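Engineer: For the sequence shown, the positions run 34 to 414 when our numbering is used.
From the three backbone atoms N, C-alpha and C, an ideal C-beta is built for every residue, glycine too.
Remember, it's a predicted structure, so these values are computed and weren't measured experimentally.
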Amino acid sequence: MNDGFLSQEEIDALLRGEPVTSSPVAELTEIENDALGEIGNISMGSAATTLSILLGRRVSITTPRVSLSTRKDIQNEYPLPYLVIEVGYTQGITGTNLLAIREMDALIIADLMMGGDGTNTPTELNNELYMSAVGEAMNQMMGSVATSLSTVFKKKIDISPPRMNLIDFASESPITNTALLDDSLVKVAFRMEVEDLIDSEIMQILPINVAKDMVESLVSAVQQPQQPQPAQQAQPKTAPAQQPSTAPPTLPSSTNNAAYTPQVAAPPPRQQPAQNVAVQPVQFAPLQQSTADMSDTNIGLIMDVPLQVTVELGRTKKLIRDILELSPGSVVELDKLAGEPVDVLVNGKLIAKGEVVVIDENFGVRITDIISPLERASNLQ
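1. How should threonine 127 be labelled, buried or exposed, when 16 other C-beta atoms within 10 angstroms of its C-beta is the threshold for buried?
2. Under 7 Å Cβ to Cβ from threonine 349, same chain only, skipping five residues before and after it: list those, please.
3. Could you tell me the distance, in whole angstroms, from the CA atom of threonine 95 to the CA atom of glycine 372?
4. Along the chain, which unbroken stretches of the alpha helix (DSSP H) at least 4 residues long are found entirely within the stretch 98-171?
5. Can you name the start and end residues of the beta strand (DSSP E) that leucine 383 belongs to?
6. Pull the bridge partners of glutamate 228 from the DSSP assignment, please.
7. Quick check: the Cα distance between glutamate 60 and alanine 244, rounded to an integer number of angstroms?
8. Please look up how many angstroms separate the CB atoms of valine 92 and alanine 81, rounded, as I've assumed it's under 8 Å.
9. Roughly how many whole angstroms lie between the Cα atoms of glutamine 268 and glutamate 119?
10. Tell me the DSSP secondary structure of glutamate 350 in three-state form.
11. Find the nearest neighbour of valine 219 within the set Asp402, Glu249, Thr103, judged by alpha-carbon distance.
12. Thinking C-beta only, is glutamate 226 closer than 7 Å to arginine 90?
13. Under the rule that 16 or more other beta-carbon atoms within 10 Å means buried, what is proline 112, buried or exposed?
14. Which same chain residues, not among the five before or five after threonine 184, have their C-beta less than 7 Å away from its C-beta?
15. In this structure, what does DSSP give as the bridge partners for threonine 343?
16. In this structure, what does DSSP give as the bridge partners for proline 240?
17. From the DSSP output, read off the bridge partner residues of arginine 90.
18. In its own chain, which residues sit with a C-beta less than 7 Å from the C-beta of arginine 135, not counting the 5 before and 5 after it?
19. With distances taken from CA atoms, which of Ile107, Gly151, Gly125 is nearest leucine 131?
20. Express the C-alpha separation of leucine 140 and aspartate 150 in angstroms, rounding to a whole number.
21. Give me the Cα-Cα distance between alanine 68 and methionine 174, rounded to the nearest whole angstrom.
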């Protein structure tokens with residue numbers, strides 16, 4: 034039921050005496066809705082960063098709006114032709130994910146990919162060259178989305194090569210031939226802006242089962258660090274429990290028999306070295322911590338010294354001929370793959386890995402992996 038009117042299917046159901054089912058509204062809880070919004074914010078933020086690097090333009094995406102919809106509602110709400118990118122998950126998640134952008138936006142992206150300014154574009158996306166250019170951009174974007182999901186879910190997420198279809202929602206009944214056979218869909222809408230060239234809405238469309246699978250993966254990833262902590266806390270508790278148990282026997286043995294104190298005092302030192310030999314692996318950890326503490330006290334003396342922080346996307350080697358042939362629009366291929374973490378350097382020393390993000394129209398880095406303190410101390414030396 035839409036806007037108070039019954040659809041033809043609902044009218045037929047009433048004539049057959051069947052109950053009328055309205056559009057699914059309560060199938061997503063508030064927690065699931067917030068979780069999907071956070072997942073969409075992280076994944077599409079990574080995709081926007083990749084697109085900004087590819088186009089050389091500032092790309093901004095607003096906070097996502099999550100809603101439960103149907104195929105017919107989407108087709109009625111978005112009658113314009115859309116370029117639908119279909120991505121199938123092969124590992125980590127079961128199902129399909131769709132990304133839909135307007136045809137005109139896809140044309141502008143393709144023109145920028147080919148070195149244009151985004152203003153001189155054809156009226157329709159029927160050029161094979163334009164389709165290839167926008168397909169490469171979408172492939173890079175969805176690859177970065179899979180990488181960010183792997184980081185968030187703490188498990189490997191693999192996708193199949195994206196498939197593109199130009200769909201007219203107003204005239205075609207199925208959105209795709211192989212995906213979204215269910216009527217209940219989750220629509221995650223974003224507002225995307227590419228400087229003064231693009232200001233429109235893009236959509237991420239998920240089947241309800243895929244959306245719930247993502248929420249479960251996020252919840253399990255959040256709960257993972259809480260499980261090993263009790264095990265780690267239980268181990269130090271058992272160690273001190275053994276120490277007081279050995280101490281009380283020595284006290285009564287010395288107080289009960291004063292005449293035999295020389296004889297009783299001799300065996301315990303012989304037993305203690307044997308116990309120390311067994312405990313040596315456990316006492317090895319404090320030695321490392323003491324050295325780290327000493328290094329921390331030394332570093333504390335130079336905390337106010339400024340350091341140069343550099344983020345490196347990648348490197349490559351070119352001939353002088355290639356350097357002289359560089360011009361606006363030239364593409365330089367680096368030695369890193371799309372979506373691969375970038376290097377964070379301090380005074381030329383590698384200390385961390387991260388991914389590029391956009392913060393208030395400025396580039397930033399979200400740290401994903403940090404080198405251990407001992408390795409960082411050795412690198413700074």
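Structural biologist: Checking against the coordinates, here is how it stands:
1. exposed
2. Val365, Glu366, Leu367, Asp368
3. 21 Å
4. 104-110, 136-146
5. 382-392
6. Note: glutamate 228 sits in no beta bridge, so no partner.
7. 11 Å
8. 5 Å
9. With a pLDDT of only 49 at glutamine 268, under the threshold of 50, the placement of this residue in the model should not be trusted, and no figure is reported.
10. According to the sequence provided, residue 350 is lysine. The question's glutamate does not apply to it. Coil, per DSSP.
11. Thr103
12. no
13. Taking all protein chains in view, the Cβ of proline 112 is surrounded by fewer than 16 other Cβ atoms within 10 Å, so the residue is classified as exposed.
14. Thr401
15. Leu378
16. Leu218
17. None, per the DSSP bridge assignment.
18. Leu113, Tyr115, Ser233
19. Minimum Cα distance to leucine 131 is reached at Ile107.
20. 11 Å
21. 21 Å
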